[in-house]
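Colleague:
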Amino acid sequence: MAFGKGHHLHLVDGSAFIFRAYHALPPLTRKSDGLPVGAVSGFVNMLWKMIQDNKGPDAPTHAAVVFDKGSITFRNHLYDQYKANRDEMPEELRPQIPLTREATRAFNIACLEEEGFEADDIIATLACRAREAGGRVTIISSDKDLMQLVGGGVEMFDAMKNVRIDREGVEAKFGVGPERVVDVQALAGDSVDNVPGAPGIGIKTAALLINEFGDLETLLERAEDVPQPKRRQTLIEHAEQIRLSKKLVQLDCDMELSYDLDSLEVVEPVADDLLAFLTAMEFRTIVRRVSDELGKEAPAIPEEAPETVEPEAQADFPETYEWVRDEAALEAWIAKAHARGYVAVDTETTALNEMQALLVGVSLAVAPGEACYVPLAHKTNPEADLFATDALAEGQIPMARALELLKPLLEDPSVLKIGQNIKYDAKILARNGIDIAPVDDTMLLSYAMHAGLHGHGMDVLSERYLGHVPIPIKSLIGTGKSQITFDGVAVDKAVNYAAEDADITIRLWQAFKPQLHRARVTTVYETLERPLIPVLARMEMAGIEVDRETLSRMSGAFAQKMAGLEEEIRELAGEDFKVGSPKQLGEILFDKLGLPGGKKGKTGAYGTGADILEDLATEHELPGRVLDWRQVSKLKSTYTDALQEKIDPATGRVHTSYSIAGANTGRLASTDPNLQNIPVRTEEGRRIREAFVAPAGRTLVSLDYSQIELRILAHIAGIEELKQAFREGQDIHALTASEMFGVPMEEMTPEIRRQAKAINFGVIYGISGFGLARNLRIPREEAQGFIDRYFERFPGIKGYMDDTIRFAKDRGHVETLFGRKINTPEINAKGPGAGFARRAAINAPIQGTAADVIRRAMIRMEAATASLPATMLLQVHDELIFEVDEGSEDALIAVAREVMEGAAMPAVDLSVPLEVDAGQGRSWAEAH
DNA sequence: GTACTCACG
DNA sequence: GACGTACGTGAGTACG
Numbered sequence: 001m002a003f004g005k006g007h008h009l010h011l012v013d014g015s016a017f018i019f020r021a022y023h024a025l026p027p028l029t030r031k032s033d034g035l036p037v038g039a040v041s042g043f044v045n046m047l048w049k050m051i052q053d054n055k056g057p058d059a060p061t062h063a064a065v066v067f068d069k070g071s072i073t074f075r076n077h078l079y080d081q082y083k084a085n086r087d088e089m090p091e092e093l094r095p096q097i098p099l100t101r102e103a104t105r106a107f108n109i110a111c112l113e114e115e116g117f118e119a120d121d122i123i124a125t126l127a128c129r130a131r132e133a134g135g136r137v138t139i140i141s142s143d144k145d146l147m148q149l150v151g152g153g154v155e156m157f158d159a160m161k162n163v164r165i166d167r168e169g170v171e172a173k174f175g176v177g178p179e180r181v182v183d184v185q186a187l188a189g190d191s192v193d194n195v196p197g198a199p200g201i202g203i204k205t206a207a208l209l210i211n212e213f214g215d216l217e218t219l220l221e222r223a224e225d226v227p228q229p230k231r232r233q234t235l236i237e238h239a240e241q242i243r244l245s246k247k248l249v250q251l252d253c254d255m256e257l258s259y260d261l262d263s264l265e266v267v268e269p270v271a272d273d274l275l276a277f278l279t280a281m282e283f284r285t286i287v288r289r290v291s292d293e294l295g296k297e298a299p300a301i302p303e304e305a306p307e308t309v310e311p312e313a314q315a316d317f318p319e320t321y322e323w324v325r326d327e328a329a330l331e332a333w334i335a336k337a338h339a340r341g342y343v344a345v346d347t348e349t350t351a352l353n354e355m356q357a358l359l360v361g362v363s364l365a366v367a368p369g370e371a372c373y374v375p376l377a378h379k380t381n382p383e384a385d386l387f388a389t390d391a392l393a394e395g396q397i398p399m400a401r402a403l404e405l406l407k408p409l410l411e412d413p414s415v416l417k418i419g420q421n422i423k424y425d426a427k428i429l430a431r432n433g434i435d436i437a438p439v440d441d442t443m444l445l446s447y448a449m450h451a452g453l454h455g456h457g458m459d460v461l462s463e464r465y466l467g468h469v470p471i472p473i474k475s476l477i478g479t480g481k482s483q484i485t486f487d488g489v490a491v492d493k494a495v496n497y498a499a500e501d502a503d504i505t506i507r508l509w510q511a512f513k514p515q516l517h518r519a520r521v522t523t524v525y526e527t528l529e530r531p532l533i534p535v536l537a538r539m540e541m542a543g544i545e546v547d548r549e550t551l552s553r554m555s556g557a558f559a560q561k562m563a564g565l566e567e568e569i570r571e572l573a574g575e576d577f578k579v580g581s582p583k584q585l586g587e588i589l590f591d592k593l594g595l596p597g598g599k600k601g602k603t604g605a606y607g608t609g610a611d612i613l614e615d616l617a618t619e620h621e622l623p624g625r626v627l628d629w630r631q632v633s634k635l636k637s638t639y640t641d642a643l644q645e646k647i648d649p650a651t652g653r654v655h656t657s658y659s660i661a662g663a664n665t666g667r668l669a670s671t672d673p674n675l676q677n678i679p680v681r682t683e684e685g686r687r688i689r690e691a692f693v694a695p696a697g698r699t700l701v702s703l704d705y706s707q708i709e710l711r712i713l714a715h716i717a718g719i720e721e722l723k724q725a726f727r728e729g730q731d732i733h734a735l736t737a738s739e740m741f742g743v744p745m746e747e748m749t750p751e752i753r754r755q756a757k758a759i760n761f762g763v764i765y766g767i768s769g770f771g772l773a774r775n776l777r778i779p780r781e782e783a784q785g786f787i788d789r790y791f792e793r794f795p796g797i798k799g800y801m802d803d804t805i806r807f808a809k810d811r812g813h814v815e816t817l818f819g820r821k822i823n824t825p826e827i828n829a830k831g832p833g834a835g836f837a838r839r840a841a842i843n844a845p846i847q848g849t850a851a852d853v854i855r856r857a858m859i860r861m862e863a864a865t866a867s868l869p870a871t872m873l874l875q876v877h878d879e880l881i882f883e884v885d886e887g888s889e890d891a892l893i894a895v896a897r898e899v900m901e902g903a904a905m906p907a908v909d910l911s912v913p914l915e916v917d918a919g920q921g922r923s924w925a926e927a928h
C-alpha cells in the first residue's frame, strides 16, 4: 500500500544528532585501536532510545535518518558567505562521520544524503510529499530552520528536551505561524548560518512587522508606510539583502529524489547485523541492552588491554611476607628500621572510626619487598574455635609487650615514620600511649603534587605509580552483612595483606619524595600539609560535647511537625504518596496536578529541587508544604537523629574526622559526622547548634574570618577601591553596589546591596550570566548587564580572571599565594567541561589561599595558646571553635585573633587587613 | 551503587 | 549545530 493516510513518517536530523553527541560526550576511544568513537556511541544511543521510546500505537510506519553531504550547497552559489563563519569540523569527529552512516544502516533505517543539499532540504521535500499524501510526519530535530515545515500533520520533536513542537510551539518561538517563519527569518537573519537579514531587526521586531503587513513581499513593497524612521530606512536600503536571505532560509520542498516514500517503510533490524556493528565498535553497554531487547546472547567483546605501565615501575611484589611471631623477630625489624633511619608503618584495626577502632596488628617496611606484619589481637579461626572462646590466635606477641618494644622506635626523633594517611595510625597509636613522630605521609605527598589530577587513596596511587593492584580488603573481610572485623581474619592471610600495604607505602614514598622538590611544593608540604597532622589528630580526639537530650527533644518536635505536614500534603494531593520520593512527587506535581515544568536528566525523572518547587509555589499550595517537609525531614534525619548516634559512648562527645587531602583547593573536609555543615541559615536549623555545648565550667568560643575570600580577591587582583574599603572597614557589598549602580552610600537600599553581594560572590565562583541570573532570579540579559558593568568598573577583576585562565592553560595548574598547586587537567578540554574547568580555575586560588591562611593559623595556634586552659575543637573553613575555662575567654580571643589575623605573615604580606569576628557562649548557637 | 536533594563555607 | 553553567564539600533517602 502506497504511503498515505494512516501512515506516520519519522525524519531524523542525523547531522544534528552527531554534533550533539560529539559535544555532549567525553572523548571516548575504541579500546583496541584508539579510534575516536564518542560521537558514534552517542549517536547510536540516541537512535536506540528513539526506537525504544516510539513503540506502541503511535509508532512510525516509515522512517529515515537524513544527513548533510558536502559543505558546498546551492545556497553558497546564491551567497558565498553562507555558513562562512562555521568552524572546521573537529579532527576527532571527521573519521566518525562514515561510521554514523554505517550505524544507521545497521539499525536497518533508511540513510539519506544528497550531494549539494543540506539535510534540511531532504527533510523538507519528504515532509511535503508525505503531507500531500495525507500522512503524518514527525521531524526529530530542534533546528529552528525546520520550523517552517510544521503544520498540516507535520510536527517536530526535540529529542533532547523531550518536547513536541507544533504550530503553537512555532508561534511561541517566532511570533508567527509556520508559513510566515521564513519571512521572519529573512528579516531577522541568523548569525549562526551567517544569513544577513536586515540589520537591527531581530525576531521580535520581524514578527511585529510581518503580522502588521501580512507577508514579507507586501512589507517590502509598502516599506514607506512603516512608521518608525529607523526601520523604514533599513527595510528600503536592504530590500535586496532581505530577499536574498529569504532564499537562503527557504527550504527546498521539491528536490528530485531517486526514491519514494514507500521505500522508507520501517523494518526490524537484523539482529546479527546490528550486533556485529556494535560489537565491532566495542560498545559494551549498548550491546548488552540491544541483546537483552532482541533476546539474543550478547557477543563477547575482548577485555581491554591492561594499562601499560613503565617496566621499571612494574615492581615485583613478594607473594608472601614475614609473620613476626615473637619478640626476637620484632626486635630484629626494629633494629633494621633504626639502621635505615626510616620505616613505613601501617596499623590494622577493627574499624574505620579511629575513636572506636581497636588495634589488631602493625606492619613495617624498610625497603621495597622487605616488609612484615606483627599480628597482635587476631582471634582464633572461628571455624576451628567450636566454643567461640574469643581466644587469641597463636603466633602473636602480647599486645602490651609489643607496644613497649615499638614505642621507642615510633617516638624516636631520628627515625622517620612513613604512612599512608598516617593521621589515622597516629590516632590509633595515641590511644595506645604512643606519640608517633616524626612522620611523612604518602597521601599528603601526592596531594601536594597531584591535587586535581586524581584521588590520593592507596589503591589509586599504587595502581597509578607502581602498576600494582593491592589485595582488596574485601577479599579478607567480605562485604555487607557478612562483613567481619580484621581481628577475625586468619593471621596468614592478614600478613600478606597488611605487610603489602606497608610495602606499597614505602615504594610510594621512594617514588614521591624526590619529586617533591622538582614540583616546587616542598614548602607547601612541609608548612601546610604535614604539620597539620598532629593538630587535626588532637582536635578530632578532643571532640565536642553534644547534648543528647536537646537533640532528642528536637527530633520529637520535628517528627510531629512532619506528620502534620504529611497530612496536609496528602489532602492537597488527593492521595497518599511518599513525600520523600522525588519520583512520586514529580508524578503528583506534573502528571496529576498538571503543574508546568518539564522532565530533565538522563533518567527522565522530573526535577523537584527546591528552586523548582519555589517557582511552583505560586501555582499551588502543595510545593510549599513539601519544601517545609523537606527542611524538617533533613534537620531530623541528618542532624537531630544521626548526631545522637555519633556521640561516643566513652567520651560523651562527638568526634569528627577531617580529611586533609579531600578537597582539591586545600580546604579540609569533615566526615563521620560532617560538622562543617551544621545548619545556620534558617532559624529552625540554627537551633541545632544549641545542642553543641561546653561542659560545666567551660565556654565555647568561635572566631571567624570576615570576608576572607573577597579580601584575598582584592589583594590578588589588586583592586585599589576594594582594598581601600577593607582598610577603612567599609561595608564592602554596599560599596560595590554604590560603585556599580551609582547609588550614594547614604541612599543604599537592602535590595541593591543584596544584588551587589550576589555579584561579589559570583566573581569568586567564576561568574556567568546564567548563574547570577538564577541566583538573583532576574532575566539573564539583566544579569549579564550587571557583570559587564562590574568588569567595567573593576577591570582588575576581569584581568585576574583572564590571567588565571591563561596561566592554567599554559601550565596545567593554578597556584595559591602560598604556592599550593591545584592541577587543572580539564582546562584545555572542549565541550561543557571547559566552562566548569575555567570557573574552578578562577575559584581555586582564592578559595585555596583562604584555606592556606587558616591552616597556618591552626598550625601556630597550639603553641600560641599553650599557656591558656583552651582547646581547639573544630574548623569550619573560615571559623575556628574552641573550648576554654570560664574566665579565660577574653584572653583566648585576644591570642587566637592575633594568630588568625597575622596568619599570612611573614610568607605573604597581604595588602588588605584580615579581620576576625569573635563570639562566646554556652553553646555554638550563642558563640557563633 | 547511582541519582537526587540539601546542609555548610 | 547545540548544550548547560556559578566554587568547594558530605550525607541521607529512594530506587533499580
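In UniProt numbering, the protein residues as written are 1 to 928.
For glycine and all other residues, C-beta sits at the position ideal for the given N, C-alpha and C.
Note that the structure is predicted; figures quoted are calculated from it, not measured.
Nearest to alanine 124 by alpha carbon, out of Ala172, Pro178 and Lys599?
Modeller: Within the first sequence, residue 124 is the residue found at index 124, counting from 1. Closest option to alanine 124, Cα to Cα, is Pro178.
Colleague: Contact between the stretch 738-745 and the stretch 789-808: three or more CB pairs below 8 Å?
Modeller: yes
Colleague: Among the residues of its own chain, which have a CB less than 7 Å from the CB of valine 814, if the five just before and after it don't count?
Modeller: Position 814 of the first sequence holds residue 814. Answer for valine 814: Thr804, Phe807, Ala808, Ile822, Thr824, Ala841, Ala844 and Pro845, listed in chain order.
Colleague: Are the beta-carbon atoms belonging to leucine 248 and arginine 75 less than 8 Å from one another?
Modeller: If you number the first sequence from 1, residue 248 lands on position 248. If you number the first sequence from 1, residue 75 lands on position 75. Yes; because the gap between Cβ atoms is below 8 Å, this pair is in contact.
Colleague: My understanding is that valine 415 touches tyrosine 342, with C-beta atoms under 8 Å, so please give their C-beta distance in whole angstroms.
Modeller: Translated into the one-based positions of the first sequence, residue 415 becomes position 415. Translated into the one-based positions of the first sequence, residue 342 becomes position 342. Confirmed, Cβ separation roughly 6 Å.
Colleague: I need the boundaries of the alpha helix (DSSP H) containing aspartate 852, first residue and last residue.
Modeller: Within the first sequence, numbered from 1, the residue matching residue 852 stands at position 852. Element bounds for aspartate 852: 832-864.
Colleague: Would you call the CB atoms of isoleucine 242 and leucine 187 closer than 8 Å?
Modeller: The sequence position of residue 242 within the first sequence is 242, counting from 1. The sequence position of residue 187 within the first sequence is 187, counting from 1. The answer is yes: Cβ separation under 8 Å.
Colleague: Which runs of the alpha helix (DSSP H), 4 residues or longer, sit entirely within the stretch 461-512?
Modeller: 474-477
Colleague: Just to confirm, is the Cβ distance from methionine 858 to valine 535 under 8 Å?
Modeller: Within the first sequence, residue 858 is the residue found at index 858, counting from 1. Within the first sequence, residue 535 is the residue found at index 535, counting from 1. Result yes, Cβ atoms of methionine 858 and valine 535 sit closer than 8 Å.
Colleague: Near isoleucine 51, which residues of its chain fall below 6 Å by C-beta distance, leaving aside the five closest residues on each side in sequence?
Modeller: The count along the first sequence starts at 1 and reaches residue 51 at position 51. So the list is empty, once near-sequence residues are dropped.
Colleague: Which same chain residues, not among the five before or five after aspartate 615, have their C-beta less than 6 Å away from its C-beta?
Modeller: Sequence index remark: in the first sequence, residue 615 carries index 615 (1-based). Within the same chain, aspartate 615 has no close Cβ partners at all.
Colleague: Can you tell which of Leu622, Thr656 and Leu508 has the C-alpha that lies nearest to the C-alpha of leucine 466?
Modeller: Locating residue 466 in the first sequence gives position 466, counting from the first residue. Nearest option by C-alpha distance: Leu508.
Colleague: Between residue 953 and arginine 548, how many whole angstroms is the CB-CB distance? I'm expecting something under 8 Å.
Modeller: Here the chain has residues from 1 to 928 only, and residue 953 is not among them.
Colleague: Which of the three DSSP states is assigned to proline 311 in this structure?
Modeller: Your numbering for residue 311 matches position 311 in the first sequence. Model confidence at proline 311 stands at a pLDDT of 41, short of 50, so the residue's coordinates are unreliable; what they give is reported in the following sentence. Note: proline 311 maps to helix in three-state DSSP.
Colleague: From aspartate 80 to threonine 205, what distance separates their C-alpha atoms?
Modeller: Here residue 80 refers to the residue found at position 80 of the first sequence. Here residue 205 refers to the residue found at position 205 of the first sequence. The alpha-carbon atoms of aspartate 80 and threonine 205 are separated by roughly 27 Å.
Colleague: For the stretch 361-406, which segments carrying the beta strand (DSSP E) assignment without a break, of at least 3 residues, lie completely within its bounds, in sequence order?
Modeller: Segments of the beta strand (DSSP E) lying fully in the stretch 361-406: 370-375.
Colleague: Whose CA, out of Glu354, Asp501, Ile418 and Ser482, lies closest to the CA of alanine 430?
Modeller: For this step, residue 430 is matched to residue 430 along the first sequence. Among Glu354, Asp501, Ile418 and Ser482, the Cα nearest to that of alanine 430 belongs to Glu354.
Colleague: By how many angstroms is the C-alpha of glutamate 293 removed from the C-alpha of arginine 136?
Modeller: What you label residue 136 is simply residue 136 of the first sequence in a count that begins at 1. What you label residue 293 is simply residue 293 of the first sequence in a count that begins at 1. Between arginine 136 and glutamate 293, the C-alpha separation is close to 28 Å.
Colleague: Valine 182 by DSSP, collapsed to three states: which one?
Modeller: Residue numbering aside, residue 182 sits at position 182 when the first sequence is read from its first letter. Looking at valine 182 - three-state DSSP - the assignment turns out to be helix.
Colleague: Identify which residue in Arg164, Asp326, Gln676 and Phe3 has its Cα closest to the Cα of leucine 376.
Modeller: Locating residue 376 in the first sequence gives position 376, where the first residue counts as 1. When only C-alpha atoms are compared, the closest one is Asp326.
Colleague: Just to confirm my understanding: we take arginine 625, look at its own chain, exclude 5 residues before and 5 after, and list those with CB closer than 8 Å. What are they?
Modeller: By 1-based counting over the first sequence, the position of residue 625 is 625. Same-chain partners within the cutoff: Leu565, Glu568, Ile569 and Leu572.
Colleague: Please determine, among Ser768, Trp323 and Gly652, the residue with the shortest C-alpha to C-alpha distance to glutamate 394.
Modeller: Sequence index remark: in the first sequence, residue 394 carries index 394 (1-based). Glutamate 394 has its Cα closest to that of Trp323, out of Ser768, Trp323 and Gly652.
Colleague: Can you find at least 3 beta carbon pairs, one from the stretch 207-226 and one from the stretch 268-279, that sit closer than 8 Å?
Modeller: no
Colleague: Rounded C-beta distance between residue 975 and leucine 595? I'm assuming under 8 Å.
Modeller: As shown, the chain starts at 1 and ends at 928. That puts residue 975 outside it, with no answer to give.
Colleague: Which stretch, first to last residue, makes up the beta strand (DSSP E) that contains methionine 156?
Modeller: Taking the first sequence and counting its residues from 1, one reaches residue 156 at position 156. Residues 154-158.
Colleague: Is it true that the CB of leucine 627 sits closer than 8 Å to the CB of leucine 643?
Modeller: Residue 643 sits at position 643 when you count from the first residue of the first sequence. Residue 627 sits at position 627 when you count from the first residue of the first sequence. Going by C-beta atoms, leucine 643 is not nearer than 8 Å to leucine 627.
Colleague: How would you write the range of the alpha helix (DSSP H) that aspartate 615 sits in, first residue to last?
Modeller: As a working note, residue 615 is residue 615 in the first sequence. It spans 610-616 - the alpha helix (DSSP H) in which aspartate 615 sits, taken as one unbroken run.
Colleague: By DSSP's criteria, proline 229 is part of a beta bridge. Which residues make up the other side?
Modeller: Indexing the first sequence from 1 puts residue 229 at position 229. Answer is none; proline 229 lacks a bridge partner.
Colleague: Under a Cβ-count criterion, where at least 16 other Cβ atoms within 10 Å of its own Cβ denotes burial, should glycine 762 be classed as buried or exposed?
Modeller: Position 762 of the first sequence, counted from the first residue, corresponds to residue 762. Classification for glycine 762: buried.
Colleague: Please tell me whether threonine 671 and threonine 651 are closer than 8 Å, where the distance is taken between their beta carbons.
Modeller: On the first sequence, position 671 is the one that residue 671 refers to. On the first sequence, position 651 is the one that residue 651 refers to. No, these two residues do not count as a Cβ contact at 8 Å.
Colleague: Determine the DSSP secondary structure at methionine 89, reduced to helix, strand or coil.
Modeller: Position 89 of the first sequence holds residue 89. It is coil, neither helix nor strand.
Colleague: Closest to methionine 399 by CA distance: which of Leu358, Ile422 and Val439 is it?
Modeller: The residue given as residue 399 occupies position 399 in the first sequence. The residue among Leu358, Ile422 and Val439 with its C-alpha nearest the C-alpha of methionine 399 is Leu358.
Colleague: Could you please give the first and the last residue of the uninterrupted beta strand (DSSP E) stretch that includes leucine 700?
Modeller: Residue 700 sits at position 700 when you count from the first residue of the first sequence. Run containing leucine 700: 698-705, per the beta strand (DSSP E) assignment.
Colleague: Check whether the Cβ atoms of alanine 332 and alanine 502 lie closer than 8 Å to each other.
Modeller: Within the first sequence, the letter at position 332 stands for residue 332. Within the first sequence, the letter at position 502 stands for residue 502. For alanine 332 and alanine 502, no; Cβs fall outside 8 Å.
Colleague: Restricting to runs no shorter than 4 residues, where is the alpha helix (DSSP H) found entirely within the stretch 401-442?
Modeller: 422-431
Colleague: Taking leucine 112 as part of the beta strand (DSSP E), name the residues at either end of that continuous run.
Modeller: For the purposes of this step, residue 112 is taken as residue 112 along the first sequence, with counting starting at 1. Element bounds for leucine 112: 110-112.
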